[in-house]
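Okay, structure first, notes after.
Protein chains: 6
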Amino acid sequence: MRIVIKVGGSAIAPSLEAKRFSEYAQVIRSLAKDHTVLVVVGGGTPAREYINVTKELKASNALRDLIGIGVSRLNARLLISAMNDAAYPEPPHDYQEASLAMYSGKIIIMGGVQPGQTTDAVAAILAEYVHADLLIRTTSVDGVYTADPRVDKNAKKIDHMTPQELLELVAKMEMTAGANNIFDMLGAQIIKRSHIPMMIISGQDPHNIIDAVNGKKIGTLIK
Amino acid sequence: MRIVIKVGGSAIAPSLEAKRFSEYAQVIRSLAKDHTVLVVVGGGTPAREYINVTKELKASNALRDLIGIGVSRLNARLLISAMNDAAYPEPPHDYQEASLAMYSGKIIIMGGVQPGQTTDAVAAILAEYVHADLLIRTTSVDGVYTADPRVDKNAKKIDHMTPQELLELVAKMEMTAGANNIFDMLGAQIIKRSHIPMMIISGQDPHNIIDAVNGKKIGTLIK
Amino acid sequence: MRIVIKVGGSAIAPSLEAKRFSEYAQVIRSLAKDHTVLVVVGGGTPAREYINVTKELKASNALRDLIGIGVSRLNARLLISAMNDAAYPEPPHDYQEASLAMYSGKIIIMGGVQPGQTTDAVAAILAEYVHADLLIRTTSVDGVYTADPRVDKNAKKIDHMTPQELLELVAKMEMTAGANNIFDMLGAQIIKRSHIPMMIISGQDPHNIIDAVNGKKIGTLIK
Amino acid sequence: MRIVIKVGGSAIAPSLEAKRFSEYAQVIRSLAKDHTVLVVVGGGTPAREYINVTKELKASNALRDLIGIGVSRLNARLLISAMNDAAYPEPPHDYQEASLAMYSGKIIIMGGVQPGQTTDAVAAILAEYVHADLLIRTTSVDGVYTADPRVDKNAKKIDHMTPQELLELVAKMEMTAGANNIFDMLGAQIIKRSHIPMMIISGQDPHNIIDAVNGKKIGTLIK
Amino acid sequence: MRIVIKVGGSAIAPSLEAKRFSEYAQVIRSLAKDHTVLVVVGGGTPAREYINVTKELKASNALRDLIGIGVSRLNARLLISAMNDAAYPEPPHDYQEASLAMYSGKIIIMGGVQPGQTTDAVAAILAEYVHADLLIRTTSVDGVYTADPRVDKNAKKIDHMTPQELLELVAKMEMTAGANNIFDMLGAQIIKRSHIPMMIISGQDPHNIIDAVNGKKIGTLIK
Amino acid sequence: MRIVIKVGGSAIAPSLEAKRFSEYAQVIRSLAKDHTVLVVVGGGTPAREYINVTKELKASNALRDLIGIGVSRLNARLLISAMNDAAYPEPPHDYQEASLAMYSGKIIIMGGVQPGQTTDAVAAILAEYVHADLLIRTTSVDGVYTADPRVDKNAKKIDHMTPQELLELVAKMEMTAGANNIFDMLGAQIIKRSHIPMMIISGQDPHNIIDAVNGKKIGTLIK
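Chains as they are written, first to last, in UniProt numbering: chain F, 1 to 223; chain Y, 1 to 223; chain E, 1 to 223; chain W, 1 to 223; chain C, 1 to 223; chain Z, 1 to 223.
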């Protein structure tokens with residue numbers, strides 16, 4: 001299978017620790033023995049720290065995005081470092097570069113691409129660009145819930161959704177809260193328009209990724 | 001003022017005619033005497049023709065986007081040709097290039113940037129990137145309506161909306177119809193997050209752009 | 001063999017139809033099973049339509065060339081779309097990129113390169129750059145004639161010419177008519193200086209390309 | 001005067017705080033009213049944190065350098081953010097880009113360039129490249145001392161040195177300690193070969209930079 | 001006036017001497033006080049030496065062209081060095097870069113662009129691209145002759161030719177001798193299609209360039 | 001083994017002769033049958049001739065470096081020409097490009113990278129970047145001596161040194177003479193920090209390179 005994995009910054013870089021990068025590297029390398037793997041890494045805590053400074057400096061949102069992209073690319077370099085020779089040595093700057101880098105036979109690891117696009121959206125467009133069979137998105141909860149499980153005791157995990165249902169859910173959340181921590185709305189539009197199967201799983205334990213690929217019923221499947 | 005204008009492909013290239021490009025060029029040049037102007041051009045009919053072929057060829061959506069970007073850049077070159085020396089001679093490939101090209105003192109004209117982003121979204125991100133005071137979007141109707149004026153006789157033009165209202169309207173339309181012909185949802189999110197005033201006006205008569213800049217009450221103001 | 005094919009725009013895009021692109025794609029893919037294939041695509045009718053607008057806009061010839069290059073690259077993208085995974089996914093911008101892209105093992109498809117060079121010349125220089133064993137040029141007639149077969153009933157197809165004879169013929173035509181529809185003069189100089197065998201054949205039926213490669217006596221051989 | 005300022009990462013980013021960036025921005029903007037100013041920013045504490053992870057991951061020194069360059073470029077972006085419109089909006093990637101960016105009339109702010117070159121060396125080569133009249137290097141002490149002032153009470157600040165004396169001093173320190181915190185050895189070779197006057201001053205108070213430019217006797221002058 | 005000057009390699013680099021570069025630099029700088037000047041430099045003797053080695057190594061003509069381009073760019077850098085700050089510091093790689101570099105207000109100096117194009121052709125296309133009012137080509141003789149003046153005593157200098165006459169002359173020479181030392185055939189086609197006035201003058205004394213611009217009757221005028 | 005070879009310009013281009021390039025090409029190709037080989041070529045006599053002109057023109061050291069880089073890249077192209085299809089066809093511009101080019105399976109040949117870095121330093125950083133097992137540096141003498149063998153009869157060749165000893169030796173020589181012809185000081189720092197084994201051997205006979213790889217005791221081993 002051709003698999004795109006969006007590794008949430010909060011999962012791999014809650015703080016900057018070699019251990020998390022090593023663990024993810026090990027899982028992804030083992031996956032790459034049987035599959036073609038492309039990884040998009042988010043910004044995590046270091047991005048938040050940099051972006052906080054830009055807010056105090058009253059920088060434009062576009063500049064903030066650029067700094068977030070910069071941090072996500074640094075995180076991508078760390079994950080490359082943890083991969084030894086298994087990864088393509090440079091994080092591609094865009095989808096075309098990523099697509100061409102695949103001819104190396106290596107694991108491709110990249111960060112953000114352009115202002116106005118979250119790394120969720122990047123992962124979805126990349127999946128579309130390379131005709132991925134599966135998009136996996138690791139996050140801080142173990143799937144999509146009917147409500148925020150941290151506030152609503154009756155919230156239930158959803159095992160399966162259609163892309164349209166996902167799109168409506170995230171649209172509603174962004175309309176009210178200004179953001180959502182499930183999946184970017186543009187990304188949701190992309191997976192809908194190109195019928196890309198996606199699994200949203202917890203990134204706490206990187207081995208969940210392998211379970212997801214092997215068809216175990218974890219997280220939420222959007223299809 | 002610093003103004004970004006999104007010229008709809010259907011407005012400037014309903015078919016490929018020099019006359020439309022000349023008319024738009026004349027209006028934009030006269031505007032540029034008093035303002036800094038950046039223009040994003042859409043793909044119009046030629047893009048639709050190319051994209052129809054990709055659909056028959058069952059190309060991926062990402063490839064379709066790339067071809068749409070290619071056509072929008074050709075349209076940008078045509079508009080540059082119609083500007084004589086008033087325009088920057090090359091359509092920038094992204095926001096950074098556009099921003100740097102402004103040091104030339106010329107009118108900047110560009111097309112699409114990356115797969116997954118419509119030229120609406122490009123115009124909104126560009127406006128954010130260069131701290132534009134106003135974003136103008138020309139379209140085939142004369143503003144935003146409460147319903148589709150072509151089917152609903154009671155549809156009324158909305159003179160003024162908030163960015164949040166626009167976002168909710170386009171989200172609802174995309175959820176049901178899969179697309180909307182008012183403004184791209186990602187673009188709406190951008191103008192909301194960065195408080196960019198936008199006017200949606202008819203592109204039938206390019207002089208509407210000058211009226212909009214001069215504060216005439218035409219089209220719909222989103223602010 | 002290493003083969004460069006110049007697919008005339010008039011052959012593959014007399015109008016924009018998926019069928020022509022599919023037919024060419026099928027032939028080229030079957031050829032690529034036994035040979036290394038690089039393709040240069042011309043602009044065809046869509047280029048002519050765009051260029052007509054630039055003429056009305058009185059754009060410089062260099063700008064016209066750039067727009068022609070843009071359209072030929074779009075046509076290259078369409079042909080790539082018709083190839084599924086058999087083609088390198090991006091049309092190279094110049095000879096170096098094309099040469100490096102060959103390491104992918106894929107079919108390389110490109111359009112024009114720089115103002116002042118026709119796609120005929122691009123094909124000849126590419127053939128020189130990659131040490132091609134054969135250059136095939138598809139055109140609207142079935143070879144080179146002693147005179148224009150559409151006006152002179154006694155015109156006879158020439159089965160074999162030397163590069164010097166071709167050069168003299170096209171030079172004479174360009175001196176009198178300002179253009180020729182056989183092969184670009186710069187291209188003719190290139191194949192002469194580097195002794196590149198070339199076949200000029202009809203592009204009406206793409207299978208002629210296979211016949212040409214297999215040594216069938218069709219079209220005109222320049223050697 | 002044309003002035004290159006190397007702002008030490010430890011001076012501007014001992015931790016990530018908007019305040020330090022604002023203070024430096026204010027000083028540099030006031031300087032830029034009378035002078036042409038180019039700034040090279042170091043990596044500071046955030047670079048050290050990233051590099052520590054690479055060490056645990058046993059990444060090569062070249063990869064570590066690349067990550068250090070990445071962080072220094074983020075710091076450059078933060079300083080650009082603090083400058084509003086006074087700075088060139090993108091940190092140049094190398095000396096040629098920096099040199100061309102000067103035509104904008106804006107303050108140029110950049111980070112590292114290539115593995116194997118510290119930002120000290122980058123500042124010296126940039127000064128050479130743009131024919132700077134003065135190179136200022138802010139550091140954590142108030143000049144060059146005869147010995148390490150933190151350990152040797154008799155250490156005395158040197159008011160004036162020749163480039164050759166500086167080179168010998170830093171060479172001796174690097175031979176014994178493997179590093180020095182005065183100035184990079186390659187950088188010292190550059191200012192010697194091109195006779196670039198340099199001042200090494202404390203970066204605690206950014207206003208020292210203005211004093212240095214105005215000829216006040218602070219820090220150590222190398223000439 | 002906007003003037004493109006093709007400085008023949010044999011004129012500026014018969015051997016590598018600073019004096020020739022200084023003389024040309026002085027003339028071009030004085031010209032640039034009243035005119036916009038762009039210069040294309042040829043390869044001269046150093047190019048010939050490098051190309052001789054490629055011939056012995058049996059390198060392809062395309063590789064030879066690339067090496068010739070490399071040497072012409074080095075010569076361009078030398079001329080830039082001789083210009084102090086009057087010239088744009090980098091030789092542009094193509095016409096777009098050259099055109100954008102003009103916003104610096106500096107003299108643009110470049111070498112070759114792509115295999116298959118002589119620096120004569122580059123100068124003609126550049127002149128077309130920037131809408132030059134005049135193209136000057138310095139060569140080793142003082143104009144175009146009716147026959148080779150070195151062998152035919154009755155050869156007469158031609159004071160004025162049409163572009164069509166030039167094209168026919170160089171075509172005839174290239175057909176018989178394989179090359180001509182008047183002007184490249186592709187270049188001649190370009191000046192014909194875009195009606196660019198050209199003067200062919202002796203480059204022995206660089207001041208001829210000023211005479212040519214001032215309308216003195218020297219060399220051969222093609223118009 | 002992965003081997004980086006620095007071929008001194010004085011060894012391969014004492015004057016421009018095809019024979020030297022052919023000899024080196026033959027040796028390197030035979031080596032590449034069993035090893036991954038990357039080559040960095042210096043500037044040699046042609047570089048010196050160009051640089052002499054820049055000195056007379058009083059160009060900055062940075063411009064001189066750029067011209068030296070230009071010549072070293074031309075020499076790299078000549079060596080590529082001598083390799084037929086065994087070499088990657090383009091000299092990479094930096095370490096990242098070189099590293100990516102290795103996926104072609106071809107021999108990589110490059111010249112200089114940035115002002116302020118000698119090709120010695122480039123070879124050392126490249127060796128670090130690609131995790132080379134061995135760095136070979138060909139020079140005009142047959143190893144490192146205790147003193148200059150051309151002036152001191154008692155000078156003895158050193159068979160083995162530590163990186164630290166090499167660093168101290170070249171530092172001492174650069175402090176007194178302003179340059180050394182053993183190995184660049186920055187390069188020495190790099191091989192020390194990354195523990196890269198290096199052999200310094202005579203480049204008179206290219207076969208010494210094979211002897212060095214095969215473990216023969218020639219030249220000086222730094223380890």
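Even glycine gets a Cβ: it sits at the ideal position worked out from N, Cα and C.
Contact with chain C by residue 50 of chain Y, beta-carbon distance below 9 Å: By this cut-off, residue 50 of chain Y is not an interface position.
task: Could you tell me which of Z:81, Z:102, Z:156 and Z:218 sits nearest to residue 36 of chain Z, measuring between CA atoms?
output: Relative to residue 36 of chain Z, the option among Z:81, Z:102, Z:156 and Z:218 whose CA is nearest is Z:102.
- request: Compare the C-beta of residue 115 of chain F with all C-beta atoms of chain Y and state if any pair is closer than 9 Å.
  value: Answer yes: the Cβ-Cβ gap between residue 115 of chain F and chain Y drops below 9 Å somewhere.
Local conformation of residue 57 of chain C per DSSP, three classes: DSSP, read as helix, strand or coil, puts residue 57 of chain C in coil.
task: Tell me, please, whether the CB atom of residue 38 of chain C is closer than 9 Å to any CB atom in chain Y?
output: No, residue 38 of chain C does not count as interfacial toward chain Y.
field: Proximity winner among Y:193, Y:22 and Y:206, relative to residue 7 of chain Y (alpha-carbon distances)
entry: The candidate whose alpha carbon is nearest that of residue 7 of chain Y is Y:206.
- prompt: In chain order, what residues of the same chain have a beta carbon less than 8 Å from the beta carbon of residue 126 of chain C, not counting five sequence neighbours either side?
  reply: Apart from the 5 residues on each side of it in sequence, residue 126 of chain C sits with its Cβ closer than 8 Å to the Cβ of 4, 38, 40, 95, 98, 110 and 132 in its chain, given in chain order.
Other residues of its chain near residue 82 of chain W: CB distance less than 6 Å, five sequence neighbours each side excluded: Within the same chain, Cβ atoms closer than 6 Å to the Cβ of residue 82 of chain W are found at 21, 22 and 25, the five residues on either side in sequence being excluded.
message: Which residue marks the beginning of the alpha helix (DSSP H) containing residue 38 of chain F, and which one marks its end?
response: Element bounds for residue 38 of chain F: not the alpha helix (DSSP H) but the beta strand (DSSP E), 36-41.
message: Under DSSP, the beta strand (DSSP E) around residue 110 of chain W begins and ends at which residues?
response: 108-110 is the span of the beta strand (DSSP E), which, as asked, contains residue 110 of chain W.
- request: From the DSSP output, in three-state form, read off residue 87 of chain E for me.
  value: Residue 87 of chain E sits in a strand when the DSSP states are folded into three classes.
Residue 56 of chain E: contacting residues in chain A (beta-carbon distance under 7 Å): Among the protein chains in the structure shown, which are F, Y, E, W, C and Z, there is no chain A.
- prompt: Does the beta-carbon distance from residue 142 of chain Y to residue 201 of chain Y come in below 9 Å?
  reply: Their beta carbons are under 9 Å apart, which means residue 142 of chain Y touches residue 201 of chain Y by this criterion.
Residues that residue 89 of chain C contacts on chain W, provided the C-beta gap is smaller than 8 Å: Correct list: 96, 99 and 100.
query: Are any of the Cβ atoms in chain E nearer than 9 Å to that of residue 134 of chain C?
result: It does not; no Cβ of chain E falls within 9 Å.
query: Comparing alpha-carbon positions, which option in Z:190, Z:93, Z:196 and Z:66 lies nearest residue 77 of chain Z?
result: Ranking Z:190, Z:93, Z:196 and Z:66 by Cα distance to residue 77 of chain Z puts Z:93 first.
task: Could you tell me whether any Cβ in chain W is nearer than 9 Å to the Cβ of residue 29 of chain F?
output: Not an interface residue.
- request: Report buried or exposed for residue 139 of chain Z, applying the criterion of at least 16 other Cβ atoms within 10 angstroms of its Cβ.
  value: Residue 139 of chain Z is buried by the Cβ-count criterion.
field: Alpha-carbon to alpha-carbon, residue 43 of chain Z and residue 60 of chain F
entry: Rounded to the nearest angstrom, the two C-alpha atoms are 47 Å apart.
query: Just the Cα atoms here: how many angstroms apart are residue 121 of chain Z and residue 89 of chain Z?
result: Those two C-alpha atoms are separated by around 23 Å.
- prompt: Mind checking whether the beta-carbon of residue 2 of chain C lies closer than 8 Å to any heavy atom of the ligand SAH?
  reply: Absence of the ligand SAH from the depicted structure is noted, as is the absence of any ligand whatsoever, leaving it without description.
- request: Would you kindly check if the distance between the Cβ of residue 196 of chain F and the Cβ of residue 134 of chain F is under 9 Å?
  value: Yes.
message: Taking the beta strand (DSSP E) that residue 138 of chain C belongs to, which residues open and close that run?
response: 134-139 is the span of the beta strand (DSSP E), which, as asked, contains residue 138 of chain C.
- prompt: Buried or exposed: residue 106 of chain E, going by 16 or more other Cβ atoms within 10 Å of its Cβ?
  reply: Buried, by the Cβ-count rule.
- prompt: Near residue 62 of chain Y, which residues of its chain fall below 8 Å by C-beta distance, leaving aside the five closest residues on each side in sequence?
  reply: The answer, listed in chain order, is 115 and 116.
task: Note down the Cα distance separating residue 34 of chain Z from residue 130 of chain E, rounded to an integer number of angstroms.
output: For residue 34 of chain Z and residue 130 of chain E, the distance between alpha carbons rounds to 26 Å.
query: Would residue 186 of chain F count as contacting chain Y if we go by Cβ distances under 9 Å?
result: Interface flag for residue 186 of chain F against chain Y is set, since a Cβ pair is found closer than 9 Å.
task: Work out the CA separation of residue 16 of chain F and residue 57 of chain W for me, nearest whole Å.
output: Rounded to the nearest angstrom, the two C-alpha atoms are 12 Å apart.
DSSP beta-bridge partners of residue 104 of chain E: Beta bridge pairing from DSSP links residue 104 of chain E with no other residue.
Min CB distance residue 145 of chain W to chain C below 9 Å: Output row for residue 145 of chain W: interface = no.
message: Threshold first: 4 residues or longer. Then list the alpha helix (DSSP H) segments lying entirely within the segment 131-217 of chain W, N to C.
response: Taking only runs of at least 4 residues, the alpha helix (DSSP H) segments lying wholly in the segment 131-217 of chain W are 163-177, 185-194 and 207-213.
task: Verify the CB distance criterion: does residue 189 of chain Z have a CB-CB separation below 9 Å to chain W?
output: Residue 189 of chain Z has a beta carbon lying within less than 9 Å of a beta carbon in chain W.
field: CA-to-CA distance, residue 191 of chain E to residue 137 of chain E, given in whole angstroms
entry: Rounded to the nearest whole angstrom, the C-alpha separation of residue 137 of chain E and residue 191 of chain E is 12 Å.
task: Could you tell me whether any Cβ in chain F is nearer than 9 Å to the Cβ of residue 24 of chain Z?
output: Using a Cβ-Cβ cut-off of 9 Å, residue 24 of chain Z does not count as an interface residue toward chain F, since no Cβ of chain F sits closer than that to its own.
field: C-beta neighbour in chain F for residue 180 of chain Y, strict 9 Å
entry: With a threshold of 9 Å between beta carbons, residue 180 of chain Y makes no contact with chain F.
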